[in-house]
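The next block holds one structure in the form of structure tokens; read it before the comments.
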Amino acid sequence: MSAPPGTVTAPAAATTAGAVRLAHRRPLRIGRVSLLLRPRGLAVTVTGLALLLLLTALHLRLGDIPMSLSEVVAAVLGGGTGGARLVIMELRLPRALTGALVGAALGVSGAITQAIARNPLAGPDILGVTSGASLAVVAATVAGGAAYGGAGGVLAAIGIPAAALAGGLAGALLVYGLAWRRGLDGYRLVLVGVGVVAVFTNLKYWLLTVGDVNDATRAMVWISGSLNARGMEHVVPTALALAMVLPATLLGTRTLAVLRLGDDTVRGLGVRIDLARGSLLLCAVLLASAATAAAGPIAFVALAAPQIALRLAGVAQPPLVVSAVAGAVLVTGADLAARTLTPVELPVGIVTAVLGAPYLIYLLVRTRRARGAI
Amino acid sequence: MTAAAIERRPLRHLRARRLTILSALAVAVMVAVVLSLMVGARPVPPADVWQALWSPSGSEPDLIVRDLRVPRTALGVLAGLALGVAGALMQGHTRNPLADPGLLGVTQGAAFAMVLSIVVLRLSSVYGYIWFGLAGALIASAAVFALGLAGGRGAPTPVTLALAGTAVSAFLYALTSTVVLLDQQAMDMFRFWQAGSIAGRDSAVAGQVLPFVAVGLALALANAPGLNALALGEDVARALGRNIALTRFLGIAAITLLTGAAVAACGSLAFIGLIVPHLARALAGPDHRWLLPYSGLAGAALLPAADVAGRVVAHPGELEAGVVLALLGAPFFVALVRRTRSPRL
Chain A
3 MSAPPGTVTA PAAATTAGAV RLAHRRPLRI GRVSLLLRPR GLAVTVTGLA LLLLLTALHL
63 RLGDIPMSLS EVVAAVLGGG TGGARLVIME LRLPRALTGA LVGAALGVSG AITQAIARNP
123 LAGPDILGVT SGASLAVVAA TVAGGAAYGG AGGVLAAIGI PAAALAGGLA GALLVYGLAW
183 RRGLDGYRLV LVGVGVVAVF TNLKYWLLTV GDVNDATRAM VWISGSLNAR GMEHVVPTAL
243 ALAMVLPATL LGTRTLAVLR LGDDTVRGLG VRIDLARGSL LLCAVLLASA ATAAAGPIAF
303 VALAAPQIAL RLAGVAQPPL VVSAVAGAVL VTGADLAART LTPVELPVGI VTAVLGAPYL
363 IYLLVRTRRA RGAI
Chain B
422 MTAAAIERRP LRHLRARRLT ILSALAVAVM VAVVLSLMVG ARPVPPADVW QALWSPSGSE
482 PDLIVRDLRV PRTALGVLAG LALGVAGALM QGHTRNPLAD PGLLGVTQGA AFAMVLSIVV
542 LRLSSVYGYI WFGLAGALIA SAAVFALGLA GGRGAPTPVT LALAGTAVSA FLYALTSTVV
602 LLDQQAMDMF RFWQAGSIAG RDSAVAGQVL PFVAVGLALA LANAPGLNAL ALGEDVARAL
662 GRNIALTRFL GIAAITLLTG AAVAACGSLA FIGLIVPHLA RALAGPDHRW LLPYSGLAGA
722 ALLPAADVAG RVVAHPGELE AGVVLALLGA PFFVALVRRT RSPRL
């Protein structure tokens with residue numbers, strides 16, 4: 003939440019150094035560039051990244067064939083035995099990378115949506131992305147049940163992500179188009195999202211009752227979100243989406259911070275609100291669609307990661323970078339648990355909620371204790 | 422004309438208008454009930470319905486009306502009423518348009534308890550697991566409220582409650598998904614429960630949930646003035662002499678009883694509790710003393726109507742009421758949201 007640039011040059015503010023301080027923090031100035039450093043956010047990010055690295059290392063080591071750390075390092079650097087390289091590079095690394103990238107994308111997507119809707123319960127689900135993707139995949143699975151089962155992995159590997167991507171983007175387009183009425187309004191967006199999501203979700207439920215129970219179970223695995231058997235063909239598109247969209251999103255950080263002040267104030271500050279909100283929402287939709295196409299609608303990450311991030315960083319609004327790290331840690335940790343702790347390998351989307359929900363509750367209770375009441 | 426008279430006149434108009442809308446909604450409920458008794462794979466004319474209700478002779482139309490249509494109609498009215506009121510309460514307390522009555526873990530608590538009862542006790546009838554569903558709903562909601570209370574003094578704020586409820590719901594949904602993925606019999610039951618339906622329920626079911634709905638409705642109506650005060654902000658409400666913690670507790674108890682009973686009997690229909698209050702708010706404005714009855718009656722009309730539509734659309738088969746509700750109700754809802762500047766929370 004940095005002050006708009008105008009206030010810094012105001013004579014009244016210039017006379018006292020304290021007037022331009024924000025929450026007792028001194029902005030860092032290099033020439034005309036002014037930055038506000040938040041040590042706590044930085045510390046949380048660094049800790050999160052370290053944790054992510056640790057989890058990824060564990061991910062690569064543990065499994066049916068346990069590996070030592072030196073074997074893992076050797077394999078990643080291109081050495082090691084052929085068998086170790088196969089296990090690490092072909093099986094475990096793509097899966098770990100997909101998980102981390104998907105988590106980061108969902109975290110950022112959730113942070114943007116919650117900031118724009120000014121609602122902690124909002125997420126890319128409200129934008130129609132996840133429900134659209136789920137509907138498309140359930141329809142494809144139930145309609146083409148036997149075909150997919152018979153054709154084996156190849157068709158499923160290409161067909162299902164494509165259906166998910168198309169469904170997610172179509173859903174988002176529908177929500178946005180219906181919510182647009184001489185401009186966009188956060189409240190209307192949320193309500194329209196509720197309506198569209200309800201249609202998609204109930205169509206999905208209906209399709210689940212129509213089909214064969216085996217198809218329904220298979221569809222249920224996908225709509226729970228799974229990282230099972232993910233390869234480089236899942237890593238690359240997600241990484242590309244993240245690499246293209248994330249910088250654009252970070253450029254919008256300032257606008258995002260201002261958006262919560264209310265439409266009139268934002269316009270008064272000289273922000274072209276519809277353009278800003280539209281492009282930020284587009285970023286959120288693209289990230290969520292890419293993530294959903296790669297791993298299915300992993301539940302709860304987009305909702306929980308921003309809420310966890312803002313409580314850890316001690317700020318008022320979901321911080322983008324910390325949300326990304328929190329999402330990546332949550333999904334990677336959940337996938338590690340799904341792969342190693344349970345006797346039957348569970349879809350990762352189930353474990354994210356099992357791990358993330360208690361932690362979010364713990365943070366809620368702790369914050370409440372610290373502030374008396376929030 | 423004195424100043425006081427001028428001020429009072431619009432109020433009188435408002436009251437008349439509100440009573441008119443209330444009666445219109447009551448008529449809509451009656452129409453839905455009559456249609457629900459008449460329409461189906463085997464249409465029954467009004468005269469036969471009348472005869473079946475008051476002087477049954479054991480003929481085929483009599484059996485259809487008495488054994489099949491009366492139970493589902495009664496259940497539809499009860500569940501619609503319960504979910505409409507619970508939804509309005511929930512949105513009022515959380516001041517969040519995204520809050521459905523299942524938000525505090527009620528729906529997922531019921532689902533998990535029912536799935537567990539199927540897997541562990543191998544129950545095979547719907548009537549067996551209604552009680553488990555109700556118990557699960559009550560426990561989950563109590564847990565959410567306790568978590569909201571933990572650590573701080575005084576009543577938990579709506580944001581804390583909503584987030585704690587979402588977290589608990591997600592946790593329980595994950596457990597339910599685990600169980601149904603491992604047990605195909607549970608999956609088979611769960612997918613139909615999830616779609617939400619009032620068909621094929623025993624006539625005893627409506628009687629079983631009636632006491633819970635009745636107590637819940639009484640609590641809800643008692644909660645309305647307090648909720649109006651809370652809408653002004655907690656500080657103002659406190660200054661007006663309201664006990665915030667008590668008001669919140671009353672509201673949550675009402676929501677839990679109403680939603681728990683409806684969801685255990687009819688499956689995941691919480692969506693009706695999400696949409697109906699928005700429709701009712703467009704008619705009633707923000708006053709909860711009127712919003713709650715409007716919302717309840719609208720729900721009681723809409724659920725049986727959706728059930729009837731499900732029988733007509735998929736004739737001679739049926740479509741689950743929950744599905745019809747979303748397919749017909751949601752586009753209407755979106756149109757309403759786009760057209761009007763409805764009062765906001």
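Chains as they are written, first to last, in the working numbering: chain A, 3 to 376; chain B, 422 to 766.
The C-beta atom is built at its ideal place from N, Cα and C for all residues, glycine as well.
Quantities reported herein were computed from a predicted structural model and do not represent experimental measurements.
- Residues of the stretch 102-126 of chain A with a C-beta less than 8 angstroms from any C-beta of chain B: N121, P122, L123 and A124, listed in chain order.
- When only Cα atoms are considered, A:R40 and A:T255 end up about 14 angstroms apart.
- A:R31: member of the beta strand (DSSP E) spanning L30 to I32, first to last residue.
- Closer than 8 angstroms to the CB of B:D609 there is at least one CB belonging to chain A.
- Counting only residues of its own chain and dropping the five nearest sequence neighbours on each side, B:A556 has a CB closer than 7 angstroms to the CB of A534.
- A straight line joining the alpha-carbon of B:D708 with that of B:A660 spans about 19 angstroms.
- For A:R190, the C-beta contacts it makes with chain B under 8 angstroms involve V758 and R759, in order along the chain.
- At a Cβ-Cβ threshold of 8 angstroms, A:V223 and A:P345 do not count as neighbours.
- Under the three-state reduction of DSSP output, A:I67 falls in the coil class, being neither helix nor strand.
- Boundaries of the alpha helix (DSSP H) around B:S598: P579 to L603.
- In the pairwise beta carbon analysis, the stretch 561-572 of chain B is classified as not touching the stretch 702-716 of chain B: fewer than three pairs are separated by under 8 angstroms.
- Burial state of B:F753 is exposed, judged by a 10 Å Cβ sphere holding fewer than 16 other Cβ atoms.
- Rounded to the nearest angstrom, the Cβ distance from A:A168 to A:A138 is 6 angstroms, consistent with a contact under 8 angstroms.
- Residue-level contact check: B:P518 touches chain A, since one or more beta carbons of chain A fall below 8 angstroms from its beta carbon.
- Taking 8 angstroms as the Cβ-Cβ cut-off, the stretch 595-626 of chain B approaches chain A at A595, L596, S598, T599, V601, L602, L603, Q605, M608, D609, R612, F613, Q615, A616 and G617, given in chain order.
- For A:Y178, no Cβ of chain B is located within less than 8 angstroms of the residue's own Cβ.
- With respect to the C-alpha of A:G195, the residue from A:L175, A:L210, A:V212 and A:L209 having the closest C-alpha is A:L175.
- The beta carbon of A:I162 sits no closer than 8 angstroms to any beta carbon of chain B.
- The Cβ atoms of B:L519 and A:L123 sit closer than 8 angstroms to each other.
- The DSSP-derived three-state label of A:W182 is coil.
- Counted as a single uninterrupted DSSP element, the alpha helix (DSSP H) harbouring B:I665 occupies residues I665 to C687.
- The CB of A:S136 never comes closer than 9 angstroms to any CB in chain B; the least such distance is about 13 angstroms.
- Residues of the stretch 193-212 of chain A whose Cβ lies closer than 9 angstroms to any Cβ of chain B, in chain order: L193, V194, G195, V196, G197, V198, V199, A200, V201, F202, T203, N204, L205, Y207, W208, L210 and T211.
- Of all residues in the stretch 736-759 of chain B, those with a C-beta nearer than 8 angstroms to a C-beta of chain A are L740, E741, G743, V744, L746, A747, L748, G750, A751, P752, F754, V755, V758 and R759, reading in chain order.
- Nearest C-alpha to A:G185 among A:G358, A:A278 and A:S133: A:A278.
- By the criterion of at least three beta-carbon pairs nearer than 8 angstroms, the stretch 295-305 of chain A is in contact with the stretch 107-120 of chain A.
- Apart from the 5 residues on each side of it in sequence, A:R220 sits with its Cβ closer than 7 angstroms to the Cβ of T143 in its chain, given in chain order.
- Around the C-beta of B:S444, fewer than 16 other C-beta atoms lie within 10 Å, and the residue is accordingly described as exposed.
- Counted as a single uninterrupted DSSP element, the alpha helix (DSSP H) harbouring B:I539 occupies residues V527 to L542.
- For A:R31, the nearest beta carbon of chain B is not closer than 8 angstroms to its own beta carbon.
- Here A:V212 has V144 as same chain residues with Cβ atoms under 8 angstroms from its own Cβ, once five neighbours each way along the sequence are excluded.
- When rounded, the separation of the alpha-carbon atoms in A:R63 and A:A339 is 13 angstroms.
- For the pair A:A45 and A:P320, the CB atoms are not nearer than the 8 angstroms cut-off.
- Counting the other CB atoms within 10 Å of its CB gives B:P466 a total below 16, which places it among the exposed residues.
- For B:A447, same chain residues with a beta-carbon under 8 angstroms away, outside a window of 5 residues either side, are L718 in chain order.
- B:A658 is positioned such that its CB atom lies closer than 8 angstroms to that of B:A650.
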